[in-house]
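Undergrad:
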């Protein structure tokens, strides 16, 4: 988990459900934005929010954002090189960069980047256990799902170290996997079967142990953590609205690019 | 013993853990294929099926309603919580993809566990993923040949991985004896068909 | 300490079953056939039996976990389970559901619907009961040692305020230190609770046991006696079932001195070449240096025991020698510098700590055949199945040759992984705690096989916790702590054998 309790900020005090709902609203809003000029200030604002508001050291955050840049490039280049368009700028072989495809590519790339940034913001400022507690209290998620998920996540480090041990064991035994389709099937078998067999057995044992501790799926259970709403929630809601509205206004009144709708009509 | 349609704690844990195992495998192999993406030939679509294999394996193993959807949601949630670059969209994608597979299993009354059913479910999950992608605007305006290539490769890859391979894997799992722990009693006599 | 069990016990039994029939799904044989027993209140009962006799399953029936949580075909005339019980399971890594220590105890308190305000105080209370006095109870469970984890499991069970404590081989996966700590805490609880314990190592806990029940491998209750009667009249049974007790090793010693000769000069070669030369080996994991070894030579026919506390670097050394982890320094095998795992995989055998992660085949027989195919090109045709049959027989696995490796018991899996490695004669065998968690029968079988290899010239480097093994089998003893070699001594068996030679004269 990326969350680290040593770095805190006001965003940590916001109820996880609030953050979740705001993110959902943000995604829906972004899906309706077709003007690439709106995306520029929006992306910038989100980057600032993540860097300044997450509470983590800037260098760490920037390192974590690197994969997002990769996503931006891979998503946008796909569209830039192979998207439809009429105003040809450059072509080479099957690659055809047009004015339309270029800006559509940028738009799509920025979309992906924004989704990622929102996710990163959430993950850096939310303690996973608290997320599940608030899902149970505020959204009435049945406890068996919440605790079940938390319990199996505990197995993750074990799965990873077993993966490593498997690789070592196969090396020692002299198991070789061919690099073709057959090889991929073989490799999937070699790793998936032992990992699944072990993990499923463990999962079953943990479930039995939880039941042995009188786990009940009742809503009348008590909770160790109390998560409510606070001033921080209100501040975030206001900030969020401001970011989106502000970007929208900036995009329409101070456009950088003359295209205001990246969708093609023909 | 009467069939219990509710998901027990054991079912939930086993399903989630299946999703995690495939997530780990995907994470450790995925980057190898992803480097191929900018070539534009969508070769990375071939392993897209790894996204759905958890749901088909979970269903073929546990044979209960809801596990296919749960597996996808669990995989997507785990992906989200570790700060993946796909963010909350991954979660929504998981929901739609899982729903696709779940609908197929439901259509067969949750009584069929054959490789054919798995392949159809894999195709449905792929359809779900395409819906998500087009909503996000990733694919709607690609040139036709490019789009056809993407859809074709993804579909074939998914049917092979999340359909055929999933069935083979569960067959092998049965031989390890793990199924006697987790599969409802009344089904013990039916082997993989 | 001992409660006198009287037949005129006034109160009702804590749990009772009669006429129990139980079957594993998809298995033809019944696990229990018409079993009846009674567990008395306020008594400490120990349940013994060979591996696979269903002791653990019986515990789950007596608590009601079977059939309520674990579905199994069950039939009994009368079955009354414990009414207020707490359960401690065997595997420290498969018991917890929360990431932090306090959350784990809080989980139980939540299940009991305790008010949130009261929780912190109770959490500290239960942690203190088991000796886990942390300044900050909010610490990740991952940071605890296996022994501490089991004590945490005990605390969680106690948090249910149970009348009966059921413990299912709680020390099976613990080292001697962890084992001692658990029994110390349980002993403190033995006075006022009903205890039902399944164990395989009874030396350290038999003192507070009032009653011993023994199941045989058919799931029949064959003995119901006091601990004294067991050690006086039924000790042979303990040895037969592989249960570790105070006299396990002495009994084995007296049997062994008639059978195996401790010949130290396994080769006639007066000046043998070292099989392995280590020269300032450093082992790394993710850029951190975990191990640093000076110059050392390993000769054919040596049995080197590698001991040290957990995390000291024993596994690291073995992995580094096999080039499975990042390292610096030189390792020379038979005079040649070792550059990669593939180079030496055919001549150095490596047995990992977790056998269940090594299987590539669908049956035990094929597992052994795999090695033959991969690494013994000189053996082919009908020789292959013959060799495989022979090896399986040596390890007592011929009866399960056709079974899927995952269906075997842990003892069988451990033996299978060693069998699959040793089917090919190796110059050097590296073993990472091969007898850990094993019952006495398996342990002795494995050690005797290894001794045979040693006598034929194989060098053995084995990590272990068990000093009894070190005393009896090791020709040389390396102790590692904090990633460094603390000493390199000759093994005690050399002294012992000289004493035996003297007696023979």
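Chains as they are written, first to last, in the working numbering: chain A, 1 to 266; chain B, 1 to 193; chain C, 1 to 505.
By construction, the Cβ of each residue, glycine as well, lies at the ideal position given by its N, Cα and C atoms.
Everything numeric in this text was worked out from a predicted model, so none of it was measured.
(1) Taking only beta-carbon positions, decide if residue 144 of chain A is within less than 8 Å of chain B.
(2) Excluding the 5 residues preceding and the 5 following residue 115 of chain A in the sequence, name in chain order all residues of the same chain whose CB lies nearer than 8 Å to its CB.
(3) Let me make sure I understand the geometry here. Which of B/10, B/24, B/144 and B/17 has the alpha-carbon closest to that of residue 269 of chain A?
(4) Where does residue 302 of chain C land, buried or exposed, given buried means 16+ other C-beta within 10 angstroms?
(5) What residues in its chain sit with their C-beta under 8 Å from that of residue 493 of chain C, if we drop five residues either side in the sequence?
(6) Secondary structure at residue 303 of chain C, three-state DSSP: helix, strand or coil?
(7) Reducing DSSP to helix, strand and coil, say where residue 256 of chain A ends up.
(8) Going along the region 111-135 of chain A in order, which residues come within less than 7 Å of chain B, judged by CB to CB distance?
(9) Taking only beta carbons into account, state which residues of the region 447-464 of chain C come closer than 9 Å to chain A, listed in chain order.
(10) For residue 175 of chain B, go through chain C and note every residue whose CB falls closer than 7 Å to its CB, in chain order.
(11) Using a cut-off of 8 Å between C-beta atoms, extract the partners of residue 149 of chain A located in chain B.
(12) Between residue 180 of chain A and residue 186 of chain A, what straight-line distance do the alpha-carbon atoms span, to the nearest angstrom?
(13) What is the rounded straight-line gap between the Cα of residue 70 of chain A and the Cα of residue 316 of chain C?
(14) Which partner residues of residue 506 of chain C appear in the DSSP bridge assignment?
(15) Quick one: does residue 84 of chain B have its CB under 8 Å from some CB of chain C?
(16) Return the bridge partner residues of residue 336 of chain C from the DSSP annotation.
(17) Measure the alpha-carbon distance for residue 117 of chain C versus residue 126 of chain A and round it to whole angstroms.
(18) So residue 128 of chain A and residue 153 of chain B are in contact, right, with Cβ under 8 Å, and what is the actual spacing, rounded?
(19) Step through the CB atoms of chain A and report whether any lies within less than 8 Å of the CB of residue 273 of chain C.
(20) Can the beta-carbon of residue 49 of chain C be found closer than 8 Å to that of residue 32 of chain C?
(21) Check the DSSP bridge columns for residue 79 of chain C and list the partner residues they point to.
(22) Classify residue 414 of chain C: buried if its beta carbon has 16 or more other beta carbons within 10 angstroms, exposed otherwise.
(23) Taking the C-alpha atoms as reference points, what is the distance between residue 246 of chain A and residue 32 of chain A?
(24) Start and end of the beta strand (DSSP E) containing residue 224 of chain C?
(25) Distance, Cα to Cα, residue 444 of chain C vs residue 68 of chain B?
(26) Return the residue from the list C/104, C/36 and C/454 that minimises the CA-CA distance to residue 222 of chain C.
(27) Give the secondary structure of residue 30 of chain C by DSSP, where H, G and I count as helix, E and B as strand, and everything else as coil.
(28) Where does residue 44 of chain C fall in DSSP's three states?
(29) So, at 6 Å on beta carbons, what are the nonlocal neighbours of residue 72 of chain B in its own chain, with the 5 sequence-adjacent residues on each side left out?
(30) Where residue 265 of chain C and residue 162 of chain B are concerned, what is the direct C-alpha to C-alpha distance, given to the nearest angstrom?
(31) Check residue 62 of chain A in the structure and name its three-state DSSP category.
(32) Would residue 14 of chain B and residue 166 of chain B be called neighbours here (beta carbons separated by less than 8 Å)?
(33) In whole angstroms, what is the alpha-carbon distance linking residue 142 of chain C and residue 95 of chain C?
(34) Does any C-beta atom of chain B lie closer than 8 Å to the C-beta of residue 24 of chain C?
(35) Buried or exposed for residue 179 of chain C, please, with buried defined as at least 16 other CB atoms from any protein chain shown within 10 angstroms of its CB.
(36) Who are the near neighbours of residue 412 of chain C in its chain, counting only those whose CB is closer than 7 Å to its CB and skipping five residues on each side?
TA: According to the structure shown:
(1) Here residue 144 of chain A refers to the residue found at position 144 of the first chain. True, the Cβ-Cβ gap to chain B drops below 8 Å.
(2) Residue 115 of chain A sits at position 115 when you count from the first residue of the first chain. The residues are 27 and 30.
(3) Lying before the first or after the last residue shown, residue 269 of chain A is absent from chain A, which here runs from 1 to 266.
(4) Translated into the one-based positions of the third chain, residue 302 of chain C becomes position 302. Buried.
(5) As a working note, residue 493 of chain C is residue 493 in the third chain. For residue 493 of chain C, where only same-chain residues beyond five positions count, the Cβ hits under 8 Å are 262, 471, 472, 473, 474 and 475.
(6) As a working mapping, residue 303 of chain C is identified with position 303 in the third chain. Residue 303 of chain C: strand per DSSP, three-state reduction.
(7) The residue you call residue 256 of chain A lines up with position 256 of the first chain. Correct three-state label for residue 256 of chain A: coil.
(8) 111, 115, 116, 118, 119, 120, 123 and 128
(9) none
(10) In the second chain, the residue the question calls residue 175 of chain B occupies position 175. Going along chain C in sequence order, the residues near residue 175 of chain B (Cβ under 7 Å) are 362 and 404.
(11) As a working mapping, residue 149 of chain A is identified with position 149 in the first chain. Neighbours of residue 149 of chain A on chain B, chain order: 12, 16, 74 and 77.
(12) Taking the first residue of the first chain as position 1, residue 180 of chain A is located at position 180. Taking the first residue of the first chain as position 1, residue 186 of chain A is located at position 186. For residue 180 of chain A and residue 186 of chain A, the distance between alpha carbons rounds to 10 Å.
(13) On the first chain, residue 70 of chain A is found 70 positions in, with the first residue counted as 1. On the third chain, residue 316 of chain C is found 316 positions in, with the first residue counted as 1. Cα to Cα, the separation comes out at about 36 Å.
(14) With chain C covering only 1 through 505, there is no way to say anything about residue 506 of chain C.
(15) Here residue 84 of chain B corresponds to residue number 84 of the second chain, with the count starting at 1. For residue 84 of chain B, the answer is no, since every Cβ of chain C falls outside 8 Å of its Cβ.
(16) Here residue 336 of chain C refers to the residue found at position 336 when the third chain is read from its first residue. In DSSP, residue 336 of chain C forms a bridge with C/333.
(17) Against the third chain, residue 117 of chain C aligns to sequence position 117. Against the first chain, residue 126 of chain A aligns to sequence position 126. One C-alpha to the other measures close to 23 Å.
(18) Translated into the one-based positions of the first chain, residue 128 of chain A becomes position 128. Translated into the one-based positions of the second chain, residue 153 of chain B becomes position 153. The Cβ separation is near 35 Å, so there is no contact.
(19) Here residue 273 of chain C refers to the residue found at position 273 when the third chain is read from its first residue. So, not an interface residue.
(20) If you number the third chain from 1, residue 49 of chain C lands on position 49. If you number the third chain from 1, residue 32 of chain C lands on position 32. Not a contact, by the Cβ cut-off of 8 Å.
(21) In the third chain, residue 79 of chain C corresponds to position 79, counting from 1. Answer is C/17, bridged to residue 79 of chain C.
(22) Working through the third chain from its first residue, we reach residue 414 of chain C at position 414. Buried: at least 16 other Cβ atoms inside 10 Å.
(23) The residue you call residue 246 of chain A lines up with position 246 of the first chain. The residue you call residue 32 of chain A lines up with position 32 of the first chain. So the alpha carbons of these two residues sit roughly 16 Å apart.
(24) In the third chain, the residue the question calls residue 224 of chain C occupies position 224. 221-225 is the extent of the beta strand (DSSP E) around residue 224 of chain C.
(25) Residue mapping note: residue 444 of chain C aligns to position 444 of the third chain, counting from 1. Residue mapping note: residue 68 of chain B aligns to position 68 of the second chain, counting from 1. So the alpha carbons of these two residues sit roughly 47 Å apart.
(26) What you label residue 222 of chain C is simply residue 222 of the third chain in a count that begins at 1. Checked all of C/104, C/36 and C/454; the closest Cα to residue 222 of chain C is C/36.
(27) Stepping through the third chain from its first residue, residue 30 of chain C is reached at position 30. In this structure, residue 30 of chain C counts as strand in the three-state DSSP scheme.
(28) Within the third chain, residue 44 of chain C is the residue found at index 44, counting from 1. Correct three-state label for residue 44 of chain C: strand.
(29) On the second chain, position 72 is the one that residue 72 of chain B refers to. 55, 94, 97 and 98.
(30) Here residue 265 of chain C refers to the residue found at position 265 of the third chain. Here residue 162 of chain B refers to the residue found at position 162 of the second chain. Only weak support exists for where residue 265 of chain C lies, its pLDDT of 49 falling under 50; the coordinates are left without a value.
(31) The residue you call residue 62 of chain A lines up with position 62 of the first chain. Per DSSP, reduced to three states, the secondary structure at residue 62 of chain A is helical.
(32) Indexing the second chain from 1 puts residue 14 of chain B at position 14. Indexing the second chain from 1 puts residue 166 of chain B at position 166. Not a contact, by the Cβ cut-off of 8 Å.
(33) Residue 142 of chain C sits at position 142 when you count from the first residue of the third chain. Residue 95 of chain C sits at position 95 when you count from the first residue of the third chain. Spanning the two alpha carbons is a distance of roughly 13 Å.
(34) Within the third chain, residue 24 of chain C is the residue found at index 24, counting from 1. Chain B contact via Cβ: present.
(35) Taking the third chain and counting its residues from 1, one reaches residue 179 of chain C at position 179. Classification for residue 179 of chain C: buried.
(36) As a first step, residue 412 of chain C must be located in the third chain, where it is residue number 412. Taken in chain order, the residues that qualify are 397 and 400.
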